[in-house]
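Residues in the sequence shown are numbered consecutively from 3, following our numbering. These notes concern the structure reproduced below.
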Amino acid sequence: GNEWKYVKNCLDKGWVSSVGKYVDLFEKKIAKYTGSKYAIACINGTAALQISLKLVGVGKDEEVIVPSMTFIAPVNAISYNNAKPIFMDNNKYYTIDINKTLEFLNKETRTIQRNKLSITVNKKTGKRIAALIVVHLFGNAARLDELIDLCKKKNIPLIEDSAESIGTFYGSGRFKNKHTGTVGQIGCLSFNGNKIITSGGGGMILTDNLKIANRAKYLTTQAKDDSINYIHNDIGYNFRLSNIHAALGLAQLENLSKNIRKKKIIHSIYKSKIDKYKGLKISSTSHPNKCNYWLNILEISKRLPKKKLSKIIQKFDKHGIEVRPIWFPNHLQEKYKKCQTYKLNNIKKIYQKRLCLPSSSQLTARQQNFICKKLNNIF
Numbered sequence: 003g004n005e006w007k008y009v010k011n012c013l014d015k016g017w018v019s020s021v022g023k024y025v026d027l028f029e030k031k032i033a034k035y036t037g038s039k040y041a042i043a044c045i046n047g048t049a050a051l052q053i054s055l056k057l058v059g060v061g062k063d064e065e066v067i068v069p070s071m072t073f074i075a076p077v078n079a080i081s082y083n084n085a086k087p088i089f090m091d092n093n094k095y096y097t098i099d100i101n102k103t104l105e106f107l108n109k110e111t112r113t114i115q116r117n118k119l120s121i122t123v124n125k126k127t128g129k130r131i132a133a134l135i136v137v138h139l140f141g142n143a144a145r146l147d148e149l150i151d152l153c154k155k156k157n158i159p160l161i162e163d164s165a166e167s168i169g170t171f172y173g174s175g176r177f178k179n180k181h182t183g184t185v186g187q188i189g190c191l192s193f194n195g196n197k198i199i200t201s202g203g204g205g206m207i208l209t210d211n212l213k214i215a216n217r218a219k220y221l222t223t224q225a226k227d228d229s230i231n232y233i234h235n236d237i238g239y240n241f242r243l244s245n246i247h248a249a250l251g252l253a254q255l256e257n258l259s260k261n262i263r264k265k266k267i268i269h270s271i272y273k274s275k276i277d278k279y280k281g282l283k284i285s286s287t288s289h290p291n292k293c294n295y296w297l298n299i300l301e302i303s304k305r306l307p308k309k310k311l312s313k314i315i316q317k318f319d320k321h322g323i324e325v326r327p328i329w330f331p332n333h334l335q336e337k338y339k340k341c342q343t344y345k346l347n348n349i350k351k352i353y354q355k356r357l358c359l360p361s362s363s364q365l366t367a368r369q370q371n372f373i374c375k376k377l378n379n380i381f
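In structure tokens, the structure reads:
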């Protein structure tokens, strides 16, 4: 697309850093595409998550609910705010298990008054539950109809990690046709190199709240109150996206619909071929035809000996095919082993019997046929 043209324009005009027309354009175009009132560009998706937790008031020693099966970014973002994660289970679509989360909030928490404010605390620890992060993993939209109401009732801000789900809309339910990241109080996008569109890095904060939007821009720009005299009345962060990255992202955004069409074709080819193999299938999506089909997950129902998955990965590698397991559960990570968990029944089964297949929008039908043929031979 127009990547070279826009980046060259940045270089020709000399606007390559954290200000310039492409930053503003990228924000406006993302807001329009997602249906969010405001979009604030950040240096990456992790920074967007870190600031979002700060924006909703997550404080030291408070707790944030998050699924264990996710890329570690939202979990680390909780730690950056000196808070602690409470790990929830994942469901068959790899998003947070809504039923268990509702159960936890109803049975394991209570609402109290503190400093004339209504807050929800964990019965086990007595700590305030300051936020809940929902991750729309692999492009699957998490079902939020009931959860959003309970979070409002319990005064728990809901943040959507939509890093992998740009282009995913709800296909049914109360939020039908809404884009992921626009249901909760704040949504976060990522434009890392492995996403459907990339700015070489980059992220975005989505919100309909003007006060939150202004505060987000303020904090990500070093909390600058007076740019002439360098007055900073708060602790800020150097988290704004550069103009040159935004130029790349804007050009990529122009081809988003085309990339999603390609992703759908790739998904349908995998489904038609692999679902015929005994004991193997491609994971379904939570909202068919409204999903961005970011990543195709191979589900293995066959019994596998211990450590068999690593041997299967090695066999693929010998044929020049890169596959990998899905995210290692975060409650088992060294720094998070002592954190609270709640009924993680599904995660072990999911982690040990799933593989991520090549899913780039550049993948050709010929390459897919080769992958499927070798997959059938290996299994």
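Beta carbons are placed, not taken as given, at the ideal position from N, Cα and C, and that holds for glycine. Every value quoted in this text rests on a predicted model; they were computed, and no experiment measured them.
Taking A144 as reference, the option from L119, L346, L160 and K320 with the minimal CA-CA separation is L160.
The three-state reading of DSSP puts G141 in helix, counting H, G and I together. Residue state for K62 is assigned as coil, using DSSP reduced to three classes. In the structure shown, Q115 falls within a strand segment according to DSSP collapsed to helix, strand and coil.
Taking a C-beta distance under 8 Å as the contact criterion, R116 and D147 do not qualify as a contact pair. Residue pairing from DSSP leaves P360 without any beta-bridge partner. The beta carbons of V25 and A50 sit no closer together than 8 Å.
Between the alpha carbons of K280 and K355 lies a distance of about 15 Å. Within the same chain, and ignoring the five residues on either side of L334 in sequence, no residue has its Cβ closer than 7 Å to its Cβ.
In this structure, the CA atom of I349 is about 12 Å from the CA atom of Y95. For N371, the three-state secondary structure derived from DSSP is helix.
Boundaries of the alpha helix (DSSP H) around F28: K23 to T36. Under the three-state reduction of DSSP output, F381 falls in the coil class, being neither helix nor strand. The C-alpha of D151 lies about 45 Å from the C-alpha of N378. The bridge partners DSSP lists for K86 are E65. The criterion of a C-beta distance shorter than 8 Å is satisfied by G183 and E162.
Pairing Y344 with I88 gives a Cβ-Cβ distance under 8 Å.
Within the region 170 to 256, the runs of beta strand (DSSP E) that reach at least 3 residues and sit entirely inside it are, in chain order, 188 to 192 and 205 to 209. Residues E29, I32, A33, M206 and L208 of the same chain have their beta carbon placed closer than 6 Å to that of A41, with the five preceding and five following residues left out of the count.
Between I246 and I198, the alpha-carbon positions lie close to 19 Å from each other. Checking the DSSP bridge columns, you'll see A133 partnered with V66.
K266 is positioned such that its CB atom lies closer than 8 Å to that of Y295. Nearest to C341 by C-alpha distance, out of K10, W17 and E65, is E65. Take H138, set aside five residues on each side of it, and the residues of its chain with a beta-carbon closer than 6 Å to its own are A144, S164, S167 and T182, in chain order. Per DSSP, the unbroken alpha helix (DSSP H) holding D151 starts and ends at D147 to K155. For A49, the enclosing alpha helix (DSSP H) stretches over residues G47 to L57.
Taking every protein chain shown into account, the CB of P331 has 16 or more other CB atoms within 10 angstroms, so this residue is buried.
Contact annotation, L191 with A133: C-beta distance approximately 18 Å; criterion of less than 8 Å not satisfied. Taking the C-beta atoms as reference points, M71 is found no nearer than 8 Å to N101. In the three-state DSSP reduction, N332 falls in the helix class (H, G or I). Between the alpha carbons of D228 and V9 lies a gap of roughly 30 Å.
If the five residues before and after K39 are omitted, its C-beta is found closer than 6 Å to the C-beta atoms of D210, all from its own chain and listed in chain order. Residues G141, T170 and T287 of the same chain have their beta carbon placed closer than 6 Å to that of C293, with the five preceding and five following residues left out of the count.
Note that the C-beta distance between L149 and T111 is not below 8 Å. With respect to the 8 Å criterion, E256 and N4 are classified as neighbours on the basis of their beta carbons.
For D91, no alpha helix (DSSP H) segment is defined, and its DSSP state is neither H nor E.
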